[in-house]
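Protein chains: 2
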Amino acid sequence: MREVAIIGIGQTPVGEHWDKGLRELALEALEAALRDAGVERVDALLVGNMLSGQIEAQEHLGALVADFAGMHGVEAVKVEAACASGAAALRLGYAMVAGGLADRVAVVGVEKMTDASGEQITAALATAADAEYEAVQGLTFTALNALLMRRYMHEHGYRREDFAPFSINAHRNAVHNPYAMLRFPITAEAFASARMIADPITLLDASPVCDGAAAVILCPAEEARAFQERPVRIRASAVATDTVALHDRRDPLWLEAVALSAHRAFQQAGVGPEDIDFFELHDAFTIMAALSLEACGFAPRGRGVALALEGAIFREGQLPIATMGGLKARGHPVGATGLYQIVEAVLQLRGQAGPNQIPHARLGMTQNIGGTGATVITHILEAMD
Amino acid sequence: MREVAIIGIGQTPVGEHWDKGLRELALEALEAALRDAGVERVDALLVGNMLSGQIEAQEHLGALVADFAGMHGVEAVKVEAACASGAAALRLGYAMVAGGLADRVAVVGVEKMTDASGEQITAALATAADAEYEAVQGLTFTALNALLMRRYMHEHGYRREDFAPFSINAHRNAVHNPYAMLRFPITAEAFASARMIADPITLLDASPVCDGAAAVILCPAEEARAFQERPVRIRASAVATDTVALHDRRDPLWLEAVALSAHRAFQQAGVGPEDIDFFELHDAFTIMAALSLEACGFAPRGRGVALALEGAIFREGQLPIATMGGLKARGHPVGATGLYQIVEAVLQLRGQAGPNQIPHARLGMTQNIGGTGATVITHILEAMD
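Written out as C-alpha cells, the structure is:
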C-alpha cells in the first residue's frame with residue numbers, strides 16, 4: 001500500500017445558504033481544493049452526504065457534482081454513514097489512492113439542511129438512528145443524546161453546568177475562524193441559562209442545523225511535494241461500527257466503536273493518545289465530546305468532563321479540541337462535517353490556523369461519528385517534513 | 001494491485017416482501033453469500049442502496065446491516081449512485097481488496113420499494129434525475145426514458161413493437177430463475193397491446209417496483225480456491241459518469257458514460273466486445289437495453305433493436321443478455337440490482353444457471369446504470385480455471 005497525502009483543501013463558510021444549492025456549495029469547496037493543490041483533473045470523486053434525498057429530493061450526488069464541476073466522465077459515487085458520511089467518503093478515497101486504483105482523488109462533503117422545516121430536519125436526522133426500534137418511538141436524535149447525558153451525570157456525579165467548557169472552548173475558537181457559523185464567545189452564565197431543548201441538553205450543548213461543503217485532494221505521498229509545499233500525510237484511517245440502537249449496547253456510556261476505531265488508528269500510525277497534538281472530535285452534543293475523549297483513551301472513564309473542567313481541551317491545554325470551533329460553533333452540516341474536521345486539521349498542521357494555531361502541531365487526530373456512536377471514523381494526520 | 005475473486009454469492013427472491021424489512025432482506029442475502037463462501041467474518045461490509053432514507057426513514061445502512069448480521073465492530077458504510085448503487089458498492093469493495101486494505105469483503109445490495117405508494121415511489125425514483133432542472137418540471141423517470149425511446153424510434157425508423165424481443169427474452173429467462181419476480185413468458189401480441197405508461201413506454205417495456213437483496217463475498221484471487229471450488233475472477237471494474245440531466249447532452253441517444261465505462265473495462269481486461277459470452281445489461285426500460293448495446297460496441301449505432309430482432313440476445317444467440325430475467329422480469333429493486341447482475345453472472349460462470357445456462361460461458365460482462373446513463377459501472381467476470 002502507498003502512503004497518501006492531502007495536497008489541497010477547500011471549504012465554504014458554514015451557515016444558512018439560502019442563495020446556493022447542493023451543487024453550488026459542493027463546487028465552491030471542490031474548486032478551492034483543486035486550486036489549493038494546483039490540480040485540474042482527478043481520477044475519482046467521492047461525495048459524502050447524508051440527507052440530500054430526504055431534504056433536497058436529490059440523490060445521485062456523485063454524478064451531479066462531477067457534472068457541475070465539469071469533470072466529464074470521471075468516476076464518482078456518494079458515500080453515506082449518517083453524520084460520519086464525510087469521513088466515510090475520505091476513507092474510501094484514501095483506499096483508492098493507497099491501493100493504487102487512482103492517483104488523484106477529490107473528496108467532497110456537502111449538506112444543505114436549512115431548506116427544511118425544523119420538524120422535517122428532526123425527522124431526517126432521526127434516520128441515523130434505528131427507524132424500527134428508536135425513531136418509531138418518537139425518539140429524536142437530541143433525545144437520544146439527552147438520555148446519554150442524563151445517565152452520565154447520574155453515574156459520575158456531574159451537574160449540567162459542568163459541560164460548559166466544551167461549549168465555551170468551541171465558541172471561543174470559532175470567533176477567529178472565518179468559515180465558522182457561530183462566531184461569538186459565550187460565558188458560563190449564558191451556558192447555565194441557555195434554553196432547554198431535551199433535558200438536560202440545552203441550545204448551548206447542541207450543534208446548529210446549517211449548510212456547508214468541504215473538500216480535500218489526495219495523491220500518493222511521494223508525489224505530494226510536486227503540488228503542495230506543506231502536504232499532510234494520512235498516517236491512519238480506521239472505521240468501526242457498533243449497534244445502531246442505543247438500547248442494544250451493554251454499556252451505553254462506553255462508545256465501543258470509538259474505542260475500536262481509535263485503537264485501530266493508533267495501531268496503524270504506531271502512536272498513542274499521548275502523541276496527539278490536537279483532536280478534532282465529534283462534539284455534535286457536549287456529551288459526545290466527553291464520551292469520545294474517554295473511549296479514545298484521552299481521559300479515564302467518567303473523567304471526560306473533568307478533563308474539560310481542568311482546561312486541558314483549550315488552545316493552551318494539553319489536548320486542544322475543536323480548535324476551529326468544532327461542530328458546536330463552526331457548525332455541523334452533517335455529511336460535510338467529517339471533511340471540515342480534516343480541512344481544519346490540515347490548516348493546523350500547515351501552520352495556517354491563524355490566531356487559533358496550536359504551536360508546534362505535528363500530529364492531529366480527527367473523529368467523525370454517525371448516530372449515537374454506531375459508525376466511528378478516525379484519521380490521524382501528520383505534517384510532512 | 002491484487003487480483004480479486006468472488007467466492008460467495010447470495011440473493012433473496014425478488015418480489016413484494018411485506019413480511020420483511022430492509023435488515024431482514026439484507027441479512028438473508030448476506031448469510032447465503034457467507035455460507036456459500038464458507039466465511040464467517042469479513043474485514044469490511046459495503047452496502048449498496050438508493051432509497052432507504054426516503055422510503056423507509058432509515059439511513060445509516062452500513063452500521064445497521066453489520067449490526068443485524070452480528071458483525072460486531074466491522075468497518076461498514078453505504079454507497080449510493082442511484083440505480084447503480086449496487087455495482088458502486090461492489091466497485092469500492094473491489095478497490096479495498098485489490099488495494100490490500102482488506103482481505104475479506106462483503107458487498108450487499110438491498111432495496112425495499114413496496115412500502116411506498118405509487119406516487120411516493122415515482123417521486124423517490126426521480127431523485128436519480130436532476131431535481132432542479134428535470135424533476136421540478138414534473139418529469140418522472142419513466143417519462144425521461146419515454147423521451148429517449150420516442151426520439152430513437154424517430155431517428156432510426158423503428159416501431160414500438162420492435163422492442164418486444166428485449167421483453168420476451170427477459171420473461172422467458174425469468175421462468176427458470178427461482179429468484180425472479182415475473183416468472184411467466186409473454187408473447188409479441190401481449191407486448192403490442194400492453195398498457196401504456198408513458199408513451200411509447202408500456203408496462204412491458206418497464207421493470208417492476210419490488211424488494212430484494214443480493215450479496216457477494218470477495219477475497220484476493222490467489223486465496224480463492226481455499227474457499228470456493230469455482231471462484232470467479234473480477235477482470236475489470238470501471239465507473240464513468242455523464243451529465244445527470246438529459247438535456248445537457250450533445251446527443252441524448254449516445255450514452256457517453258456507457259461507452260466510457262465499457263471502454264475502460266475492456267482495456268482493463270484486455271478483451272473486446274467479441275470476447276464476451278453473455279451480458280447482464282441494465283434493461284430498466286427496453287430503450288436502455290438498446291442504447292447500452294450500441295454504446296458498448298455490441299451493435300452499431302441505431303442497430304441495438306435490430307440486434308434483438310435478429311435474435312442475437314436470446315440464450316442461443318451470439319450475445320445472450322438478461323440471462324436470468326434481467327431487470328425487466330427478475331425485477332429491479334434499484335440499489336440491489338447491480339449485485340443481482342453479479343450473482344447471476346457468477347452462476348453462469350460456475351455452470352450453475354440451470355435451464356438458463358449459457359454453454360461454455362467463460363467471460364461475462366455486467367453493467368449497472370444510474371439515472372438516464374449518468375453513472376455507469378461495468379464489470380467483467382471470468383471463470384477461474
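Line by line, the protein sequences give chains A and B. Under full-length UniProt numbering, think of the first position of the first sequence as 1, with each following residue one higher. Under full-length UniProt numbering, think of the first position of the second sequence as 1, with each following residue one higher. Each residue gets a CB set at the ideal place from its N, CA and C atoms; glycine is no exception.
With a threshold of 7 angstroms between beta carbons, is residue i in contact with chain B?
i	result
residue 246 of chain A	no
residue 114 of chain A	no
residue 78 of chain A	yes
residue 222 of chain A	no
residue 19 of chain A	no
residue 134 of chain A	no
residue 288 of chain A	no
residue 391 of chain A	Residue 391 of chain A lies beyond the residue range present for chain A, which begins at 1 and ends at 385; the question has no answer from this structure.
residue 75 of chain A	yes
residue 58 of chain A	yes
residue 259 of chain A	no
residue 251 of chain A	no
residue 367 of chain A	no
residue 105 of chain A	no
residue 323 of chain A	no
residue 354 of chain A	no
residue 99 of chain A	yes
In the DSSP output, what is residue i paired with across the bridge?
i	result
residue 237 of chain B	B:379
residue 219 of chain B	B:5
residue 45 of chain B	B:76, B:106
residue 114 of chain A	Answer is none; residue 114 of chain A lacks a bridge partner.
residue 155 of chain A	BP columns for residue 155 of chain A are empty, so no partner.
residue 294 of chain A	Per DSSP, none; premise fails for residue 294 of chain A.
residue 83 of chain B	B:81
residue 201 of chain B	B:198
residue 310 of chain A	Answer is none; residue 310 of chain A lacks a bridge partner.
residue 280 of chain B	B:366
residue 285 of chain B	B:206
Look at the alpha carbon of residue i and the alpha carbon of residue j, and state the distance between them as a whole number of angstroms.
i	j	result
residue 326 of chain A	residue 104 of chain A	28 angstroms
residue 319 of chain B	residue 278 of chain B	5 angstroms
residue 344 of chain A	residue 115 of chain A	26 angstroms
residue 144 of chain B	residue 94 of chain B	32 angstroms
residue 393 of chain A	residue 193 of chain B	For chain A, the structure presents residues 1 to 385; residue 393 of chain A sits outside this window and is missing.
residue 266 of chain B	residue 132 of chain B	35 angstroms
residue 212 of chain A	residue 24 of chain A	10 angstroms
residue 113 of chain A	residue 141 of chain A	15 angstroms
residue 158 of chain B	residue 152 of chain B	8 angstroms
residue 88 of chain A	residue 12 of chain A	20 angstroms
residue 218 of chain B	residue 302 of chain B	38 angstroms
residue 258 of chain A	residue 167 of chain B	50 angstroms
residue 252 of chain A	residue 251 of chain B	56 angstroms
residue 371 of chain A	residue 305 of chain A	21 angstroms
residue 386 of chain B	residue 165 of chain A	Any property of residue 386 of chain B remains undetermined from this structure, which presents chain B solely from 1 to 385.
residue 79 of chain B	residue 348 of chain B	26 angstroms
residue 254 of chain B	residue 275 of chain B	23 angstroms
residue 297 of chain B	residue 273 of chain B	6 angstroms
Within 7 angstroms of any Cβ in chain A, is that where the Cβ of residue i sits?
i	result
residue 267 of chain B	no
residue 109 of chain B	no
residue 137 of chain B	no
residue 255 of chain B	no
residue 216 of chain B	no
residue 96 of chain B	yes
residue 63 of chain B	yes
residue 341 of chain B	no
residue 27 of chain B	no
residue 30 of chain B	no
> So does the stretch 324-343 of chain A actually touch the stretch 283-300 of chain A, counting three or more Cβ pairs closer than 8 angstroms?
Replying inline: yes
>> Taking contact to mean 3 or more Cβ pairs, one atom from each stretch, closer than 8 angstroms, check whether the stretch 55-67 of chain A and the stretch 302-316 of chain A are in contact.
In response: no
> Which residue spans inside the stretch 320-382 of chain B form an unbroken beta strand (DSSP E) run of at least 3?
Replying inline: 363-370
> Is it a yes or a no for the stretch 68-77 of chain A touching the stretch 168-188 of chain A, going by three-plus beta-carbon pairs under 8 angstroms?
Replying inline: no
> Does the stretch 230-242 of chain A come within contact of the stretch 182-192 of chain A, defined as at least 3 CB pairs closer than 8 angstroms?
Replying inline: no
> Fully enclosed by the stretch 132-195 of chain A, which beta strand (DSSP E) runs are 3 residues long or longer?
Replying inline: none
> Using 8 angstroms as the Cβ pair cut-off and three pairs as the minimum, do the stretch 362-378 of chain A and the stretch 197-206 of chain B touch?
Replying inline: no
>> Please give the ranges of any alpha helix (DSSP H) in the stretch 15-60 of chain A, keeping only runs that are unbroken, at least 4 residues long and fully inside the region.
In response: 22-37, 52-56
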